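Notes for the one structure printed next.
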Amino acid sequence: MERAIGVFDSGVGGLTVLNSIRTLLPNENIIYIGDNYHCPYGEKTREQLFSYASEIVEYFIKENVKLIVLACNTTSATVLNELQAVYKEVLIIGVIDATVEDFISRGVDNTLVIATAATINSHKYPDTIDCYQTGIEVFTLPTPKLVPLVEAGMDKKDIYDVLHEYLDSYAGKIKSIILGCMHYPILENQIKDILPDIEYISSSDAVCKNVRDVLIKNNLLNLNKNKFIKIYTTGRVDEFLKSSTGFFDYTDLVVEHIIIK
Numbered sequence: 004m005e006r007a008i009g010v011f012d013s014g015v016g017g018l019t020v021l022n023s024i025r026t027l028l029p030n031e032n033i034i035y036i037g038d039n040y041h042c043p044y045g046e047k048t049r050e051q052l053f054s055y056a057s058e059i060v061e062y063f064i065k066e067n068v069k070l071i072v073l074a075c076n077t078t079s080a081t082v083l084n085e086l087q088a089v090y091k092e093v094l095i096i097g098v099i100d101a102t103v104e105d106f107i108s109r110g111v112d113n114t115l116v117i118a119t120a121a122t123i124n125s126h127k128y129p130d131t132i133d134c135y136q137t138g139i140e141v142f143t144l145p146t147p148k149l150v151p152l153v154e155a156g157m158d159k160k161d162i163y164d165v166l167h168e169y170l171d172s173y174a175g176k177i178k179s180i181i182l183g184c185m186h187y188p189i190l191e192n193q194i195k196d197i198l199p200d201i202e203y204i205s206s207s208d209a210v211c212k213n214v215r216d217v218l219i220k221n222n223l224l225n226l227n228k229n230k231f232i233k234i235y236t237t238g239r240v241d242e243f244l245k246s247s248t249g250f251f252d253y254t255d256l257v258v259e260h261i262i263i264k
């Protein structure tokens, strides 16, 4: 059996990356872990984030995965470099560089990054954008209320109330928005109702293309069509399904609970 790609996020948001991988790389085996037990990650300390991520990385290593994708902006912003330094026996990639490359390719000169508090406080997006191209105006906004709403299954009125609270003041001021959390592409249509006619940069597709490039570079593409997809949550399966059924197709797939120590 061909080795799998390991993908993890704090919850259901990383399923947007899994969706993209299924589309672009249909032969790949995938193991997905949503760490819903510890969700949301945005208010956690760096030490906590490294501990959670390390446990999942070590699980993936035991499963002999060929690549680990931090499908989570918060861990990508805070502990990716440390994980890569500690676990040199496996390829580990994050989401921020690929997202910034996508943004730069749009040719706009300002943007708003919405993300968790941990991602915003890391300054990773402004710093990375500046490494690629100087002179771009970058607004950053922590949006801590959004992930819990997505994970709770989203009441439409509550979502719009919170989005208006966060975004109304940016209408007419920005030319693009970076959805700097994997949960946020799930809200893209609602955000577009408030901020239409601007460029939207979502991590999912950009990260998937990076996954493909890394696999090709390391001669790890799966050419065998006998694939599998395993989905686990450290939280409750019923809550995971409730949060994600509206945007993820579970046909022929089963979600299982997992305890990682």
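At position 203 of the sequence shown the residue is numbered 206 (the working numbering), and the sequence of numbers has no breaks.
C-beta atoms are modelled at their ideal positions from N, C-alpha and C, and glycine is treated no differently.
If you're wondering where the values come from, they're calculated on a predicted model, not measured in any experiment.
For residue i, the residue or residues it bridges with in DSSP
i	result
V165	For V165, which the question treats as bridged, DSSP gives no partner whatsoever.
S23	DSSP, once it has assigned bridges, lists no residue as partnering S23.
I180	L115, Y203
E140	N113
Under the three-state DSSP convention, the category residue i falls into
i	result
K233	strand
A7	coil
F251	coil
N221	coil
L94	strand
P188	helix
P145	strand
D12	strand
V258	strand
Interface flag, residue i vs chain B, CB-CB below 7 Å
i	result
G17	Looking for chain B here will not work: only one protein chain is present.
When the options are compared against residue i, the one with the closest alpha-carbon
i	options	result
P266	E154, T114, Q136, G183	Residue 266 is absent from the structure shown; the chain starts at 4 and stops at 264.
R6	Y40, H41, K65, E46	K65
E168	V153, I194, E92	I194
F106	P129, L223, G97, Y44	P129
G37	I59, T26, L27	I59
Y187	F11, L18, N225	L18
C75	Y62, D112, A118, I33	A118
E104	N213, S246, L256, S23	N213
R25	P43, T254, S172	T254
Y235	N192, E259, L218	E259
Beta carbon of residue i nearer than 7 Å to that of residue j
i	j	result
A80	S13	no
A101	V15	no
I204	I181	yes
N113	K178	yes
Open item on the list: Report the start-end ranges of each alpha helix (DSSP H) in the region 21-81 that is 4 residues or longer and not cut off at the edges.
Closed with: 49-65, 76-81
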